[in-house]
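Be aware that the sequence shown starts at 1090, since it is given in the numbering used here, and climbs by one per residue. For reference, the structure is listed below as structure tokens.
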Amino acid sequence: GMPIIYLMFVVIGKVKICSTAKNGKDLVLCYYISDGIIGDLELMTNTYDATAGIIAITDFECIALPFQKYAIDLKNNLAFLKRLGSELSMKLLRISKNYVVTTLYTGEERLCSYILQASHNGIFNDILTDVSCSIGMSYRHMFRLLNQLCTDGVLDKRDNGYIIVDREELLRRAPGAYV
1090 GMPIIYLMFV VIGKVKICST AKNGKDLVLC YYISDGIIGD LELMTNTYDA
1140 TAGIIAITDF ECIALPFQKY AIDLKNNLAF LKRLGSELSM KLLRISKNYV
1190 VTTLYTGEER LCSYILQASH NGIFNDILTD VSCSIGMSYR HMFRLLNQLC
1240 TDGVLDKRDN GYIIVDREEL LRRAPGAYV
């Protein structure tokens, strides 16, 4: 990964955290919405290279602390370590929930859950090859499901992505949400 220069505290905005496989495909690990610490795992494992990448979905603001300059002081700050432990625990719970969703839910349920998480202002426009990898299905199957959601009046395909037409129905079809 790229060298980590800053430990970032998310203030406002939405980003997705992705891990890229050697074959170039991205897996969305999680989303941050106006909350969270980016670089915490690297700080606690003394890794100075990023373990994942960040992609802004909306305007994104954060407070950035120079990583190496403050690493020792932060690791000796009990209040910070308590917050960090809480953050890492929440990440573990989120990953566990996402694993359950990926493993035990149907393709349609996974896709609807993903669309709800990834959409912004009612528009879903993620890179579809990355989406299919993230929800564990082939691109062709995911595309068939997207077409079915359009046929059912849940989504509407436009040049800039998919417009969510019936959010309530999308929620009904997404019993487990990726977070």
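Just so you know, even glycine gets a beta-carbon here, dropped at the ideal spot from N, CA and C.
Could you check where the alpha helix (DSSP H) with residue i kicks off and where it finishes?
| i | result |
| --- | --- |
| A1168 | L1167 to L1193 |
| A1141 | Here A1141 belongs to no alpha helix (DSSP H), and DSSP marks it neither H nor E. |
| D1219 | L1217 to S1223 |
Whose C-beta lies closer than 8 Å to the C-beta of residue i among residues of the same chain, with five residues either side of it excluded?
| i | result |
| --- | --- |
| I1216 | D1115 |
| F1169 | L1163 |
Any idea if residue i is buried or exposed, counting beta-carbon neighbours within 10 angstroms, 16 or more meaning buried?
| i | result |
| --- | --- |
| G1113 | exposed |
| L1193 | exposed |
| V1099 | buried |
| D1219 | buried |
What are the residues that DSSP puts in a beta bridge with residue i?
| i | result |
| --- | --- |
| C1239 | For C1239, which the question treats as bridged, DSSP gives no partner whatsoever. |
| P1155 | Y1095 |
| T1109 | D1115 |
| I1101 | E1150 |
Apart from the five residues just before and just after residue i, which ones in its own chain have a Cβ nearer than 7 Å to its Cβ?
| i | result |
| --- | --- |
| F1213 | I1204, A1207, G1250, Y1251 and I1253 |
| E1198 | R1262, A1263, P1264 and G1265 |
| T1191 | R1199, I1224 and G1225 |
| D1255 | G1242 and V1243 |
Leaving out the 5 sequence neighbours to the left and right, which residues in its chain are closer than 6 Å to residue i when beta-carbon positions are compared?
| i | result |
| --- | --- |
| E1258 | V1243 |
What number of angstroms, rounded off, separates the C-alpha of residue i from the C-alpha of residue j?
| i | j | result |
| --- | --- | --- |
| S1221 | L1118 | 13 Å |
| Y1120 | N1210 | 16 Å |
| E1176 | C1201 | 26 Å |
I'd like the span of the beta strand (DSSP E) that includes residue i, first residue to last.
| i | result |
| --- | --- |
| D1248 | Element bounds for D1248: n/a, residue is neither H nor E. |
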